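K.L.:
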Amino acid sequence: MAQRIPAGDGGAKRTSQVRVAVRLRPYMAREDDKTEGPCVRGLDAQNLEIINWRNATETVRYHFDAFHDENTTQQGVFLASVKPILPHILSGQNASVFAYGPTGAGKTHTMLGTPEHPGMIPRAIREVFNLVRLRGEEQEDWDYSVAMSYLEIYNEKVLDLLSTSPQDLPIREDKDHNILIPGLTQTPLTSFANFDRHFIPASLNRTTASTKLNQRSSRSHAILLIKVVRTQRCPPHRQQTGKLYLVDLAGSEDNRRTGNQGIRLKESGAINLSLFTLSKVVDSLNATGAGVRVPYRDSKLTRLLQDSLGGSAHAVMIANIAPEYAFYFDTFSALNFAAKSKLVVNKPFVRETLTVPVPRVKRAREEKEAEPQKKKPKGSHKANTASPSAPPDSGPSDPSVLGRLIALEKMMMGSQEMERRTMKQSLKELQELKERQKALESQAGVGGVSRETSLSSQDSVFRNALPLQQRKPVSGTAAKPKKQQAVVLPLQVSQPQPLQQNMVAKKSVCRKKTLSDVHEVPDCKENMGPPDWESHLDSSLVQRSRQKILAVLNSGSLKDLKDLQQIGDKKAKLILGWREIHGHFTRLEDLIQIEGITEKRFSSFMKANLLSFLGIEPLQQKAEDHPSVSPSSPPVFGDDTVWFRRDVDGLALYGLLGRDGLYCLGGREQPPPLSPSLGSPLRQRHRAGPSSPGPSLTDALPSASAEESFLEQADGGPEGPRSASTAELVIVINDKLENREAGSPVVSSPPRRQHSISYSHPLHHPPHHAKTRKGSRASSVGYTAFSPRPSLSRHSSIAVAPPIDRSKVKDYMLLSVLACFCPVWPVNLVGFVFSIMVGGGGDDDLTSC
Ligand SMILES: Nc1ncnc2c1ncn2[C@@H]1O[C@H](COP(=O)(O)OP(=O)(O)OP(=O)(O)O)[C@@H](O)[C@H]1O
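The numbering of the sequence shown is the UniProt record's numbering, which starts it at 1 and goes up by one.
Quick look at the structure:
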C-alpha cells in the first residue's frame with residue numbers, strides 16, 4: 001500500500017491553496033469593434049478591473065495570484081505560474097495546471113501554444129526533463145522514469161488520444177483515492193523529443209471545430225498526464241510517484257453567439273454542463289460546514305480534476321479572458337469563477353511505496369492498479385506503453401504464493417481428474433449394467449427382434465429351465481415394453497400351441513407397430529389393413545362404427561364425448577377446445593393432435609370404442625386365470641387381441657378376439673339354449689363335453705330385454721337369486737362371424753352402468769365390493785372382478801370346473817415366486833401379485849377339489 005507522507009518540504013506547510021492566474025488575451029476584434037475598447041484591464045501583476053455592467057461608470061476589481069496581460073509571453077506565464085509547482089511531481093506529489101475561460105479566450109494558445117510560441121505543456125515537459133536530469137545529477141541514488149497519457153472528455157466520454165480506439169474509458173478510484181483510468185495508454189518518455197513525437201500526432205486526434213467565435217474551437221476537455229516515478233536505488237528502495245495534470249478545458253459557450261447547431265450544440269451542452277459542475281464543485285469545497293457533498297461524480301471532468309480541486313495536488317488555474325465587449329459576460333463569469341476557485345485548499349502529500357521487501361507480485365499488482373492501461377486497446381499505435389520503471393510482469397515470484405497457486409492448480413486438476421475418473425467409472429458401470437440388463441432381458445425374453453427369434457428357437461430349453469420365459473410374445477410389438485406380457489407371464493400354460501409359435505415367428509420379423517402401420521402403410525403381412533382382431537369383424541360395421549365415433553367427436557356434447565370409452569372430462573374438454581379452434585375432425589386419427597393422446601392411446605381408444613359400438617365389452621384384464629380356460633387352447637393377449645365380456649341372454653360370456661378367431665370363454669349359470677343355426681366355425685364346448693355346437697356371436701350378443709331379464713334374475717327376480725352356475729361355455733370361433741347384421745344388436749352400444757360388483761367365496765374370501773367407472777373393468781385381477789353381476793360366485797364356476805392339475809398349480813406358484821426375484825420390472829412386481837393370487841387360488845382350487 002502506498003504511504004501518505006505529509007508534504008510541505010519539511011512539514012512546514014501541509015496545505016496548498018489553488019493558485020489562480022488570469023491571462024488576458026490580446027485584443028483581436030475587428031476594427032469597428034476596436035473603437036469600443038476593452039472591457040477589462042490589468043492594474044498590476046496580481047490585480048485587474050472590469051467595467052461593472054450595472055453601472056458603466058464603475059469597475060469591479062479582482063485580486064489573483066498572478067495577472068498576465070496581453071503582452072505577457074508564454075515564457076512569462078510559464079515562469080510565473082507553472083514552473084513553481086513542477087518540482088513537486090519529482091518528489092512524489094501531484095500537480096495540475098488547467099486553463100479555464102470562455103471559448104476563444106486563449107486557453108489552447110496558453111496550454112499548447114504554437115511552434116513559435118510553445119505553451120505551458122511543452123514548456124512543462126521540457127522543464128520536467130530538466131528537473132529529472134538535474135535531480136539525477138544531484139541525487140545519484142534515485143532513478144527517474146517519465147511516462148505520459150493523453151485523453152479527452154468529449155460528450156462525456158473519456159477517449160484515449162494516444163490510441164485510435166473510440167472506446168469510452170471508465171474512471172476508477174482506488175483505496176488511496178487515486179483516480180485511475182483502466183485501459184488508458186501510458187507511453188514512457190525518455191526525452192522531450194520523445195514526448196514531441198507522441199504528443200503532436202495525439203493532439204491532432206483531439207476534436208476541434210470551427211465556430212463563429214473560434215476558427216479552431218476545442219470541442220472537448222483535453223488532459224495530458226505526466227507521471228514521474230522516482231525509485232531509490234538502495235534499500236529501502238523507496239518509490240515515489242508524482243503526477244502532473246495539464247488540462248486544456250473547453251470553453252464555456254453562449255450558443256446565442258456561437259451559432260452552434262446540431263452536433264456543435266450537443267457538444268456545447270456537454271461542455272457547459274461539465275463546467276457548471278466544476279463550478280458547483282468549487283462552491284461545495286468553499287462551503288463551510290461538515291457533510292457538504294462535493295459533486296465530483298456529476299461529470300467526468302470533475303471526477304478527473306478531483307485531485308486538483310480539493311484533492312492532493314498543487315493546482316494552478318489559468319483563467320483566460322478576452323478583452324472585447326463581446327466577451328464581457330463570459331469574462332465577468334470567468335473572473336468570478338476564478339475568484340472563488342482560489343479559495344479552494346488542497347492537501348498535497350507524497351505517495352511513497354517501498355519496493356523491497358515488498359513481494360514482487362504485490363508491487364506488480366500495485367503497478368497494475370496504478371497503470372491500468374496495460375490492457376491496451378486493439379489498434380493502438382503505441383507499441384510500448386509500459387512504464388519504464390515497472391518491473392516486467394513475470395508473474396508471482398513469492399514462493400508462498402507460488403506454492404498456493406501450484407496447490408490450487410493441483411487441486412483443480414485433481415478434482416477435474418477425479419470428475420473425469422468418476423465419469424469414466426460411471427460410464428463403465430453403466431455399460432456393465434446395460435450389458436447385465438441385456439443379458440437378463442435376453443434370458444427373460446424381453447429383448448428385441450433377434451432375441452425373440454432366438455427365444456423361439458430355444459423355446460424348449462427355456463421352457464423347462466425358466467418357465468417365465470415361456471410367455472407369449474405379442475405379435476407386431478418387437479420393441480414394445482413388455483409390461484402386459486409380464487403381467488400375464490406366470491399364468492401362461494406350458495404347452496405352446498401352433499398359433500403361438502406362429503405368432504412368435506411373425507413377431508420376429510415385424511418392427512414396432514405404429515399408427516401408420518395399423519391404418520395406413522402396413523409393411524408387415526399381419527398388419528395389412530386393420531388390426532387382426534378387427535379383421536374378424538364385418539368391415540362395413542367397423543366402418544359405420546368409426547363414422548359414429550367420428551360423429552360424436554365432431555358434434556357430441558361434453559357428455560357425449562365423456563360417454564366414449566377412455567375419454568374423461570379433461571380429454572372431452574380438450575376435444576371441444578380443438579373443435580373450437582380447428583373445426584371438425586376429418587378423420588379419427590386427428591385425435592392424436594389432442595394433448596395426451598398418443599398413437600398408442602389412440603389405438604387403445606379405437607379398440608375400446610369400436611368394440612363398444614359393436615356391443616362387445618373389452619376387458620382390460622385378461623381372463624386367463626378363468627378356470628375354464630382350456631390348457632390346450634391358450635389364448636394370446638396383446639395388441640392384436642381383445643378380451644371381452646358379453647352377456648348373452650343371461651349368460652356371461654368371456655372371450656378373446658384374436659387374429660385367428662374368437663375364443664369365447666363362458667362362465668355363468670343356466671346357459672341359454674343354443675341356437676340350432678350355429679355353423680361349423682363356431683364350436684361350443686361344455687366342460688362336460690368338449691365339442692358341441694355353439695351360438696354365433698350375433699346370437700351371443702343379447703338384446704336389451706334379455707339383459708334386463710338377466711338383471712332381474714340376478715337381483716332376485718321372480719325366480720329369486722340364482723344358484724351356483726351349472727355350466728360353463730368355451731366357445732371358439734375360427735372363422736369370421738356370420739349374420740352379424742341381423743338383429744343389429746352388434747352395433748348397438750352396450751349398456752353402460754356403474755356396477756357394484758360383489759362376489760363371495762364360500763370358504764375364505766370375504767365379500768368384495770368394487771365399483772367400476774362406465775363399465776370399465778380395470779381394477780381387479782381375476783375374472784370375477786369383471787363380472788357386473790351381483791352375487792356371482794367365483795367359487796361357483798370353480799365348482800363345475802374339471803379337476804385342476806395340482807402340479808400345474810404348483811408350477812404357477814413356483815413361477816410366481818421366481819418372478820418375485822426377477823430384477824426386471826415389472827416382472828417381479830407382477831410375479832409377486834400372481835404369487836399371492838395363484839397361491840390363494842391354488843388353495844381354493846385344491847380345497848374345492
Ligand atoms: N496570448 C495570445 N497571443 C496571441 N494570440 C492569442 C493569444 N491567446 C489566444 N490567441 C489566439 O486567439 C485565438 C483563439 O485562441 P484559442 O483557440 O486558444 O482559444 P480557446 O480558449 O482555446 O478557445 P476554445 O475554447 O474554443 O478552444 C487563436 O487564434 C489564438 O492564436
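We put the beta carbon where it would ideally sit given N, CA and C, even for glycine.
Fair warning: this is a prediction, and the values are worked out from it, not measured in the lab.
1) List the DSSP bridge partners of residue 154.
2) Return the chain-ordered list of same chain residues with a C-beta closer than 6 Å to the C-beta of residue 776, the five sequence neighbours on each side being excluded.
3) Within this structure, are the beta carbons of residue 312 and residue 347 separated by less than 8 Å?
4) Which first and last residues belong to the alpha helix (DSSP H) in which residue 88 is found?
5) Less than 8 Å between the beta carbons of residue 99 and residue 320, yes or no?
6) At a cut-off of 7 Å, is residue 80 close to ligand 1 when judged by its beta-carbon and the heavy atoms of the ligand?
7) If we require 3 or more residues per run, which beta strand (DSSP E) segments fall completely within the stretch 49-109?
8) Taking buried to mean at least 16 other C-beta atoms within 10 Å of its own C-beta, is residue 267 buried or exposed?
9) What number of angstroms, rounded off, separates the C-alpha of residue 60 from the C-alpha of residue 336?
10) Give a yes or no on whether the C-beta atoms belonging to residue 121 and residue 246 are separated by under 8 Å.
11) Helix, strand or coil for residue 783 per DSSP?
12) Please return the same chain residues whose Cβ sits closer than 8 Å to the Cβ of residue 554, not counting the five positions on each side in sequence.
13) Ignore the nearest five residues each way along the sequence and tell me which others in residue 334's own chain have a CB closer than 7 Å to its CB.
14) Taking contact to mean 3 or more Cβ pairs, one atom from each stretch, closer than 8 Å, check whether the stretch 125-143 and the stretch 167-186 are in contact.
15) Along the beta strand (DSSP E) that carries residue 267, what are the first and last residues, could you check?
16) Which same chain residues end up closer than 8 Å to residue 465 when comparing Cβ atoms and leaving out the 5 residues on each side of it in sequence?
17) For residue 542 and residue 814, I'd like the C-alpha separation in whole angstroms.
18) Any heavy atom of ligand 1 inside 7 Å of the beta-carbon of residue 218?
19) Report yes if the CB atom of residue 350 is closer than 8 Å to the CB atom of residue 149, and no otherwise.
20) Under 7 Å Cβ to Cβ from residue 676, same chain only, skipping five residues before and after it: list those, please.
21) Does the beta carbon of residue 320 fall short of 7 Å from some heavy atom of ligand 1?
22) Is the stretch 215-225 touching the stretch 130-141, taking contact as three or more C-beta pairs under 8 Å?
23) Can you give the beta carbon distance from residue 251 to residue 21, rounded, assuming they're within the 8 Å contact cut?
24) Nearest CA to the CA of residue 606: which residue from 62, 292, 552 and 546?
25) Flag residue 193 as yes when its Cβ comes closer than 7 Å to any non-hydrogen atom of ligand 1, and as no otherwise.
26) Can residue 109 be considered in contact with ligand 1, in the sense that its beta carbon sits closer than 7 Å to one or more heavy atoms?
27) Classify residue 175 as buried or exposed, calling it buried when 16 or more other Cβ atoms lie within 10 Å of its own Cβ.
28) Go ahead and label residue 107 buried or exposed: buried means 16 or more other beta carbons lie within 10 angstroms of its beta carbon, across all protein chains shown.
29) So, are the CB atoms of residue 310 and residue 275 less than 8 Å apart?
30) Mind checking whether the beta-carbon of residue 26 lies closer than 7 Å to any heavy atom of ligand 1?
31) Tell me the DSSP secondary structure of residue 178 in three-state form.
32) Taking C-beta to C-beta, are residue 240 and residue 233 nearer than 8 Å?
33) Determine, using beta carbons only, whether residue 340 and residue 282 come nearer to each other than 8 Å.
34) Are the Cβ atoms of residue 66 and residue 46 separated by less than 8 Å?
35) Residue 320 lies in the beta strand (DSSP E); which residues open and close that run?
P.N.:
By the coordinates alone:
1) As a beta-bridge residue in DSSP terms, residue 154 pairs with 157.
2) Low per-residue confidence applies at residue 776: pLDDT is 36, beneath 50, and the placement is therefore not dependable enough to give any value.
3) If you check the CB distance, residue 312 and residue 347 come in under 8 Å.
4) Counted as a single uninterrupted DSSP element, the alpha helix (DSSP H) harbouring residue 88 occupies residues 86-89.
5) In this structure, the beta-carbon distance from residue 99 to residue 320 falls below 8 Å.
6) Residue 80: no, Cβ never under 7 Å from ligand 1.
7) You should have 59-63, 66-68 and 94-100.
8) It is buried - the Cβ of residue 267 has at least 16 other Cβ atoms within 10 Å.
9) Straight-line Cα distance between these residues: approximately 10 Å.
10) Between residue 121 and residue 246, the C-beta gap is smaller than 8 Å, which places the two residues in contact.
11) Residue placement at residue 783 cannot be trusted, given a pLDDT of 32 that sits under 50; the coordinates are not used to answer.
12) Excluding residues within five positions, the ones whose Cβ falls inside 8 Å are 579, 584 and 585.
13) Only 100, 101, 102, 319 and 321 meet the Cβ criterion.
14) These segments do not touch.
15) No beta strand (DSSP E) holds residue 267; the alpha helix (DSSP H) holding it covers 262-286.
16) Low confidence applies here, because residue 465 scores a pLDDT of 33, under 50, leaving its location unreliable and the question unanswered by this model.
17) Residue 542 and residue 814 have their C-alpha atoms roughly 43 Å apart.
18) Between ligand 1 and the CB of residue 218, the shortest heavy atom gap is smaller than 7 Å.
19) No.
20) For residue 676, the pLDDT reaches just 35, beneath the cut-off of 50, and the residue's location in the model is therefore unreliable, although a value from the coordinates is still provided. Once the five neighbours on either side are set aside, residue 676 has no close Cβ partner at all.
21) Within the chosen limit of 7 Å, ligand 1 reaches the beta carbon of residue 320 through at least one heavy atom.
22) The stretch 215-225 vs the stretch 130-141: no contact.
23) The Cβ separation is near 17 Å, so there is no contact.
24) The option with the nearest alpha carbon to residue 606 is 546.
25) No.
26) Flag set: Cβ of residue 109 near ligand 1.
27) Counting every other CB atom within 10 Å of its CB across the protein chains shown gives residue 175 a total below 16, marking it as exposed.
28) By the neighbour-count rule (16 or more Cβ atoms within 10 Å), residue 107 is buried.
29) No, Cβ-Cβ distance for residue 310 and residue 275 is not below 8 Å.
30) Within the cutoff, so yes.
31) Coil at residue 178, not helix or strand.
32) In this structure, residue 233 does not lie closer than 8 Å to residue 240 by Cβ.
33) For residue 340 and residue 282, yes; Cβs fall inside 8 Å.
34) Cβ atoms of residue 66 and residue 46: closer than 8 Å.
35) Where residue 320 is concerned, the enclosing beta strand (DSSP E) stretches over 313-321.
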